[in-house]
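Asks: Keeping their order, the protein sequence lines are chains A and B.
With our numbering applied, the first sequence covers 114 to 277.
With our numbering applied, the second sequence covers 114 to 277.
The structure under discussion is supplied below as structure tokens; questions concerning it will follow.
Protein chains: 2
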Amino acid sequence: MEDVVRQLGYLCLGSRLKRIAERLQADVTRFGEGVGFDVPAGQYPVLAALDRHGALSVGDLVQALGVSQPGVTRSLTLLAEKGLIEIERNERDRRQKAVVLSSEGRNIVERSKRDVWRHVETAVTGLCAGLSGSLLDQLDAIEAGLDEMSLDRRALEKRECQCG
Amino acid sequence: MEDVVRQLGYLCLGSRLKRIAERLQADVTRFGEGVGFDVPAGQYPVLAALDRHGALSVGDLVQALGVSQPGVTRSLTLLAEKGLIEIERNERDRRQKAVVLSSEGRNIVERSKRDVWRHVETAVTGLCAGLSGSLLDQLDAIEAGLDEMSLDRRALEKRECQCG
DNA sequence: ACTTGATATATAACTTGTTATGTAAATGCA
DNA sequence: TGCATTTACATAACAAGTTATATATCAAGT
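Here it is in structure tokens:
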């Protein structure tokens, strides 16, 4: 059976992007788990934002991440349960929260940069390297590339090259 | 606050694609509602697949759509509740279902093609027209384009041009 | 100071994606 | 024929996004 979503092209661009996104996220999460991280890929941007900017309010994170406020709140609840962040009250404006990485969170971020993020970025960059043409052409190439080798395997191979 | 997901580039490609996808889907659904359809954008591929190929099994749809089998099953339940499809048993192989558009479903698809899909395709094609460069460049341009004018407004304008 | 309105976050309900697993039917081999 | 395996779909539980709305605090005007 042919790939109808692909055939429909721009009409189903949303569905197409969504399925590629899910696949990337799942692969990245799997790679992370393989090297001992249990933070899902979707949480990386939160940690990275806090790493870059220090204390941020929920509203700041909404802007930094481009997702809805309840989405951010849920991510924060999850990360706080894992002990990676601390959520305090902003005493200047007590409606706001001040979210910061915990000391464990900072450790995790440092390890992630070294053991996960760097390899993921290399693998994704590799996957997308040399792509050109229309958006749909590039999406075709990405899906074909992932069919050939999943992102987690790509990240693993790069890592081995580098360590070996 | 800057857009951290954008800044992180390929590292967060999954998150980036996901948020663009959600935005496109929401806009398309809103446009559809505006012209009297209450089928969410994510269901269009299912309807289009059945329109193109006639009776399909669940497994066929899994391949055609590129989503998981339980995802397909849930979509079908929803579309059957709305009366747009009929799900029968395949008598040759009674493990399989044979999914077809109902007569109402066929009507809806014909109306959708005329009143929704055509305009959505035009609007998305317009949004992506003239894009070039790396994937990240193109994604930047798409998000900038959507900031300027949402996809549902784009579709509406095109439609007005055409009818006016 | 009080009241009114705006802003920041939380919560509830829903959607739609996933994985893991259960069940019924078909297939294949002894 | 009968049993084991495989296949097709259903179901349950979870994840992460959404909108709509509730609550708490701040800001402003009288």
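Each residue gets a CB set at the ideal place from its N, CA and C atoms; glycine is no exception.
1. Would you check if the distance between the CB atom of Ile133 of chain B and the CB atom of Glu261 of chain B is smaller than 8 Å?
2. Going along the chain, which residues of its own chain have a beta-carbon closer than 6 Å to the beta-carbon of Ala268 of chain A, five neighbours each way excluded?
3. Could you tell me whether the Cβ atoms of Ala177 of chain B and Asp116 of chain A are closer together than 8 Å?
4. Can you tell me whether Ala193 of chain B sits near the ligand COA, meaning its C-beta is under 7 Å from at least one heavy atom of the ligand?
5. Could you check how far apart the C-beta atoms of Gly122 of chain A and Val141 of chain B are, in whole angstroms? I think they sit under 8 Å.
6. Can you give, in chain order, each stretch of the alpha helix (DSSP H) that sits fully within the region 223-258 of chain A and has at least 4 residues?
7. To the nearest angstrom, report how far apart Lys271 of chain A and Pro183 of chain A are at their CA atoms.
8. For Leu214 of chain A, list the residues DSSP reports as bridge partners.
9. Scan the region 145-201 of chain B and note each continuous alpha helix (DSSP H) run of 4 residues or more that stays entirely inside, going in chain order.
10. Pull up the distance between the alpha-carbon of Val175 of chain B and that of Ser188 of chain B, whole angstroms please.
11. What residues of chain A sit near Ser128 of chain B, judged by a beta carbon separation below 7 Å?
12. For Thr186 of chain B, which residues from the same chain have a beta carbon less than 7 Å from its beta carbon, with the 5 sequence-adjacent residues on both sides left out?
13. Looking only at its chain, what residues have a beta carbon closer than 6 Å to the beta carbon of Ser216 of chain A, apart from the 5 residues adjacent to it on each side?
14. Can the beta-carbon of Cys241 of chain A be found less than 8 Å from the beta-carbon of Pro158 of chain B?
15. Buried or exposed, going by whether 16 or more other CB atoms sit within 10 Å of the CB of Ser245 of chain B?
16. So what's Gln209 of chain A in DSSP terms, helix, strand or just coil?
17. Residues of chain B with CB under 7 Å from Met114 of chain A, in chain order?
18. Candidates A:Ala254, A:Leu160, A:Gly243, A:Gly147: which alpha carbon is nearest Lys226 of chain A's?
Replies: Put simply:
1. no
2. Phe144, His232, Val233, Ala236
3. yes
4. The model on display carries no ligand, and the ligand COA is accordingly not part of it.
5. About 14 Å separates the two Cβ atoms, so there is no contact after all.
6. 231-241
7. 37 Å
8. A:Ile198
9. 157-166, 171-178, 182-194
10. 11 Å
11. Gly155, Pro158
12. Val171
13. none
14. no
15. exposed
16. coil
17. Asp173, Gln176, Ala177
18. A:Leu160
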